[in-house]
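The structure appears right after this line, and notes come after that.
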Amino acid sequence: MNILQEQDEHFMREALALAARARGRTSPNPMVGSVVVKDGRIVGRGFHEKAGAPHGEVVALQDAGAQAKGATLYVTLEPCCHYGRTPPCTKTVIAAGVRRVVAAMRDPNPLVSGKGAEALHQAGIDVTLGVLEDEATTLNEVYIKYIITKRPFVLLKVAASLDGKIATVTGESRWITNERSRLLVHQLRDAVDAVMVGINTVLRDDPRLTTRLPDGLGKDPIRIVVDSHLRTPLTAKLLTASPSARAIIATTAAAPRDKRRQLEARGAEVMVIDGEGPGVPLGPLMEQLGAIQVTSILLEGGGELHGAALRAGIVDKVFYFLAPKLIGGRAAPTAIAGEGFARLAEAVTLQRVQVRQLDGDLLIEGYVGRG
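Counting from 2, one number per residue, gives the positions in the sequence shown under our numbering.
Below is the structure:
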């Protein structure tokens, strides 16, 4: 590795760390961080804080001021070249007089991809792409999935005993995993647009589905219930648990109209999903949620919903928390239920697997293989 490459990676790590500070706050936009470097030192820093706010490179250039002239701009994503909620970043970069732009990755948005870099090149700016591209891709995996497919990135979370049970035969489930694991789940809720459960979880546990972090600063996600016949009680906690987050009930045309009106009167949004039943078709549900700019979902249902989601192919990533407990019981609910897969060749295989220990619990994290 030469000195320039080492320098590029060093400063790109600074930009990536800045970008990550806005995790869970920029949807449907990507997280973008940037630093301006002159004579080997950082003279400007910035990151995109939320949709509608200035993009990361613009904030960094503003922070650098006149020192940006002749400097190198490091940014975690190719600068945009089109008008959206904000003007094109390429115009700001060119006007600032930077000598060189280093971007971690191309923007997968067809409106930008390659065009932003070309606009800078045509203005006489030296452009380097692909510095710490893997790290940048992982950082914005939600944005990449959404901008390409218009469907949300789905994370499946399971909390189970070593023998795969998510509750005892009597239905007791609090708490199988330990406090550190549960804290991480709330951090995941804080980072996603929505959390989704099935009707059985609502009837059994009556969850609030809010984010509860020690500092009290967590963002409550949209609450989504998959409920084909609208059995959600009007007294369900998730309907009123958070004044800042919507509650969506996904159902079918078979649901009673009177119950739909009653739930809507309680503030819920009832979303009727067309498709083959008898349950709510999860593929079409993802399309409708994507259409309202839900870019990421944490799936925290029971075994039936987990099994249906895996069979429907909507899951992108799995967080599987394993507690060092053996519960047993053939009637005790399991983490993945439903029809299952008839052949081992059909089983879902995780890729890029990582395993961590969380005060005795194990977290297995991996991406669902696609073929």
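Quick reminder that beta carbons are idealized off the backbone N, C-alpha and C, glycines included.
Predicted model, so just to flag it, every value in this text is computed and none were measured.
Check                                                                                                                                                                : Outcome
Only counting the same chain, and skipping five residues up and downstream in sequence, which positions put a Cβ closer than 6 Å to that of ARG26?                   : LYS51
Specify the secondary structure class of ILE315 as computed by DSSP and reduced to three states.                                                                     : coil
Excluding the 5 residues flanking MET197 on each side, which residues of the same chain have their C-beta closer than 6 Å to its C-beta?                             : ILE225, ILE298, LEU300
Which value, in whole angstroms, describes the spacing of the CA atoms of ASP40 and ALA72?                                                                           : 8 Å
Helix, strand or coil for LYS151? Go by DSSP, reduced to three states.                                                                                               : coil
For ASP1, does the three-state DSSP call read helix, strand or coil?                                                                                                 : Because the chain spans 2 through 372 in this model, residue 1 falls outside it and cannot be assessed.
What runs of the alpha helix (DSSP H), each 4 residues or longer, lie entirely inside the segment 159–217?                                                           : 180–192, 200–206
Suppose contacts are defined by Cβ-Cβ distances below 8 Å. Is ASN141 in contact with MET32 by that definition?                                                       : yes
Could you give the distance in angstroms between the alpha-carbon of ARG374 and the alpha-carbon of PRO29?                                                           : What is shown of the chain runs 2 to 372, which leaves residue 374 out entirely.
Could you check the C-alpha separation between ILE223 and PHE48 for me, to the nearest Å?                                                                            : 25 Å
My assumption, with CB atoms under 8 Å, is that VAL319 sits in contact with VAL369. Please give the rounded CB distance.                                             : 7 Å
Within 10 angstroms of its Cβ, does ILE293 collect 16 or more other Cβ (buried), or is it exposed?                                                                   : exposed
Please report how far the alpha carbon of THR93 lies from the alpha carbon of VAL59, in whole angstroms.                                                             : 7 Å
Could you tell me which of ASP360, THR129, ASN201, LEU163 sits nearest to PRO325, measuring between CA atoms?                                                        : LEU163
Between which two residues does the beta strand (DSSP E) harbouring PHE48 extend?                                                                                    : 42–48
The alpha helix (DSSP H) spanning THR139 covers which residue range?                                                                                                 : 134–140
Spatial neighbours of TRP176 within its chain, please: CB distance less than 7 Å, with the 5 preceding and 5 following residues excluded, ordered by chain position. : ARG183
If I'm right that GLY330 touches VAL170 with Cβ under 8 Å, what's the distance once you round it to whole angstroms?                                                 : 4 Å
Bridge partners for GLY34 per DSSP, in chain order?                                                                                                                  : PHE48
I need the straight-line Cα distance from ALA255 to ALA160, nearest angstrom please.                                                                                 : 32 Å
Which residues in the same chain have their Cβ closer than 8 Å to the Cβ of ASN1, if we skip the five residues on either side of it in sequence?                     : Because the chain in this structure spans residues 2 to 372, residue 1 falls outside the shown range and cannot be described.
What are the boundary residues of the beta strand (DSSP E) that LEU235 is part of?                                                                                   : Unbroken run through LEU235: none, as it is neither H nor E.
In whole angstroms, what is the alpha-carbon distance linking VAL281 and PHE322?                                                                                     : 27 Å
Distance, Cα to Cα, LEU189 vs ARG205?                                                                                                                                : 22 Å
Which residues in the same chain have their Cβ closer than 8 Å to the Cβ of ASN179, if we skip the five residues on either side of it in sequence?                   : ALA324, LEU359, ASP360, GLY361, ASP362
May I ask which residues mark the beginning and end of the alpha helix (DSSP H) holding GLU270?                                                                      : Segment 270–273 is the beta strand (DSSP E) holding GLU270; no alpha helix (DSSP H) there.
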